[in-house]
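Numbered according to the numbering used here, the sequence shown spans residues 8 to 99.
Backbone N, C-alpha and C fix where the C-beta goes; we use that ideal spot for every residue, glycine too.
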Amino acid sequence: MSKQTLQLHSTEFTIHSLDAVHNWLALEVVGPLGFSLTGIMANISGVLAKANISIFAISTYDTDYVLVKKQAINDAIKSLKKDGYNVIGDSL
Numbered sequence: 008m009s010k011q012t013l014q015l016h017s018t019e020f021t022i023h024s025l026d027a028v029h030n031w032l033a034l035e036v037v038g039p040l041g042f043s044l045t046g047i048m049a050n051i052s053g054v055l056a057k058a059n060i061s062i063f064a065i066s067t068y069d070t071d072y073v074l075v076k077k078q079a080i081n082d083a084i085k086s087l088k089k090d091g092y093n094v095i096g097d098s099l
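Following this line, the structure appears as structure tokens:
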């Protein structure tokens, strides 16, 4: 399986809730992803787990998003690039 490209969205977004954890940045798996593709989120989350980076994963019908805390985004990008992923987009 070839590695996917991830798009960094460096603009923080706000969740209006009494119980909210802030400062998440989103890495979008560049798609659209076909329904026959499997293991993409498992591979990405595995790379980040090995680097001890917590994530919040969101999957939609045609792509996936990996949310990473702002203070861990640089380490996440380094880990993903080291594993062969291409990370494009806004730099921090």
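Can you tell which of the options has its C-alpha closest to the C-alpha of residue i?
| i | options | result |
| --- | --- | --- |
| Ala33 | Asp90, Lys89, Ile65, Tyr92 | Ile65 |
| Gln78 | Thr70, Asp90, Ser61, Gly91 | Ser61 |
| Gly46 | Gln11, Ser86, Gly96 | Gln11 |
| Val37 | Asn59, Tyr68, Lys76, Ala56 | Tyr68 |
| Leu15 | Gly91, Ser86, Lys89, Ile80 | Ile80 |
Between which two residues does the alpha helix (DSSP H) containing residue i stretch?
| i | result |
| --- | --- |
| Val75 | Careful: Val75 lies outside any alpha helix (DSSP H), inside the beta strand (DSSP E) at 71-76. |
| Ser86 | 80-89 |
For a test of the three-state rule: what should DSSP assign to residue i, helix, strand or coil?
| i | result |
| --- | --- |
| Met8 | Residue placement at Met8 cannot be trusted, given a pLDDT of 46 that sits under 50; what the coordinates show is reported in the next sentence. The answer is coil: DSSP assigns Met8 none of H, G, I, E or B. |
| Ile60 | coil |
| Val54 | helix |
| Leu34 | strand |
In terms of residues, what are the limits of the beta strand (DSSP E) holding residue i?
| i | result |
| --- | --- |
| Ile96 | Just to set this straight, residue 96 is Gly in the shown sequence, not Ile. Run containing Gly96: 93-96, per the beta strand (DSSP E) assignment. |
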